[in-house]
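Following: one structure in structure tokens, then a few remarks.
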Amino acid sequence: MASKLGEIVYVNGKYMDKKDAKISIFDRGFIFGDGIYEVVPIINSNLANKDDFWERFTRSLNEIEIKLNFNKEQVLEIIYNLIKKNNIIEGAVYLEITRGVAPRNFIFLEDLEPTFVSFVYECEILNNPLAKSGIKIISTDDLRWKRRDIKSVSLLAQCIAKTKAYKLGANECVMIENGHITEGGSSSFFIVKDDVLITKPLSNEILPGIRRKTILKIASKLNLKVEERNITLDEAYKADEVFMSAATWVLLPVIQIDDKPINGGKIGKWTKILRDEYVEVIKKEVGLI
49 MASKLGEIVY VNGKYMDKKD AKISIFDRGF IFGDGIYEVV PIINSNLANK
99 DDFWERFTRS LNEIEIKLNF NKEQVLEIIY NLIKKNNIIE GAVYLEITRG
149 VAPRNFIFLE DLEPTFVSFV YECEILNNPL AKSGIKIIST DDLRWKRRDI
199 KSVSLLAQCI AKTKAYKLGA NECVMIENGH ITEGGSSSFF IVKDDVLITK
249 PLSNEILPGI RRKTILKIAS KLNLKVEERN ITLDEAYKAD EVFMSAATWV
299 LLPVIQIDDK PINGGKIGKW TKILRDEYVE VIKKEVGLI
């Protein structure tokens, strides 16, 4: 689904036209992938899940020992300035923090000024047509590093996997490691079998998805039984329902994995219920209801 990039971006304390935005070739994000990022959905010109975003954002920074001299209110001010300057009603904001500029050295150098860049873009979230049609995905080997709980800017393995999916006409991929599903290329993965919602437990093997966290809360509220355990690809093929969640997706139904239809290619009842409930949560947070 196409997105439209905002014209005004933020780079190290300044708002500028995107064509004028530049960083040093010695930035450690460019040289080493030494940085973290976040994507936060924007609905009704407001951030959704902003408290959970901040918790994960600061955790990733702490895990790789980057000290950002901005508090939550200052970061939110930058984001809302970008939303206003670009007149974004629905879409997302991307933030990236790297360790900063320094001579090439593998060691975490101290006393560097972190690089802070951000931009916003428009895309359809609440009325995403894929929520009604469903998505097709493929399985692929998980080639990523061992600290996937950190939202690192080092995403080459995901690029390889998602390009493979694209070339095969799929919307997304699901990654397999040691015979079990970890997660999607840029999404969390769930199945439903016999009215039980199943997803992989949190660990260094997967990103602590914000949408995942909210979906599990909603499931508890609906008295939908939840199991957090490993899932095989064969289990996914035979599931009653499969869906994936991500910042700009909320959650989307999976109707096919590796040319195998899920639930006869039809969207399941729990997928619809959970998405509808999640949309209500978002609408309340951003002031639409």
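When you read off a place in the sequence shown, starting at 1, and then add 48, the result is the number in the working numbering.
Cβ atoms here follow ideal geometry from the backbone N, Cα and C, with glycine treated the same way.
Among the options, which residue has its Cα nearest to the Cα of residue i?
i: GLY182; options: VAL302, ILE330, GLU333, TYR128; result: VAL302
i: VAL298; options: ALA69, ASN153, LYS261; result: LYS261
i: VAL87; options: ARG259, THR211, VAL290; result: ARG259
i: ILE127; options: VAL274, GLU111, SER93; result: SER93
i: ALA150; options: LEU216, GLU111, ARG76; result: ARG76
i: ALA140; options: PRO89, MET292, THR247, LYS248; result: PRO89
i: THR321; options: LYS331, ALA287, LEU272, THR211; result: First, the amino acid is wrong: residue 321 is Ile here, not Thr. Answer by Cα proximity: LEU272.
i: ILE145; options: ALA96, THR106, LYS331; result: THR106
i: LYS180; options: GLU253, PHE291, VAL334; result: PHE291
i: GLU103; options: LYS199, ILE136, ILE224, ILE330; result: LYS199
i: LYS120; options: ILE254, PHE101, THR163, ILE137; result: PHE101
Quick one, are the C-beta atoms of residue i and residue j less than 8 Å apart?
i: THR188; j: ALA209; result: yes
i: TYR169; j: LEU336; result: no
i: VAL57; j: PHE237; result: no
i: VAL222; j: LEU245; result: no
i: GLU289; j: VAL240; result: yes
i: PRO249; j: ARG277; result: yes
i: GLY81; j: ARG147; result: no
i: ALA96; j: VAL334; result: yes
For residue i, which residues of its own chain have a beta-carbon under 7 Å away from its beta-carbon, when the five flanking residues on both sides are left out?
i: GLY227; result: THR280
i: ALA218; result: LYS184, ILE185, ILE186
i: GLU111; result: ILE198
If you follow the alpha helix (DSSP H) that residue i is in, where does it begin and where does it stop?
i: PHE78; result: 76-80
i: ALA213; result: 204-215
i: GLU374; result: Nothing about residue 374 can be read from this structure; the chain reaches only from 49 to 337.
i: GLU101; result: The question names Glu, but residue 101 in the sequence shown is Phe. PHE101 -> alpha helix (DSSP H) spans 98-111.
i: VAL123; result: 120-134
i: THR262; result: 258-269
Which residue comes first and which comes last in the beta strand (DSSP E) that contains residue i?
i: PHE164; result: 163-170
i: LEU160; result: Looking at the DSSP string, LEU160 is not in any beta strand (DSSP E), and its letter there is neither H nor E.
i: THR188; result: 183-189
Please list, in chain order, all residues of the same chain as residue i whose beta carbon is under 8 Å from its beta carbon, the five residues on each side excluded.
i: TYR142; result: TYR85, GLU86, VAL87, SER166, PHE167, VAL168, TYR169
Query raised in the report: Taking one C-beta from the segment 256-273 and one from the segment 140-160 each time, how about it: are there three or more such pairs within less than 8 Å?
Result: no
Query raised in the report: So, do the segment 65-73 and the segment 309-319 have three or more beta carbon pairs nearer to each other than 8 Å?
Result: no
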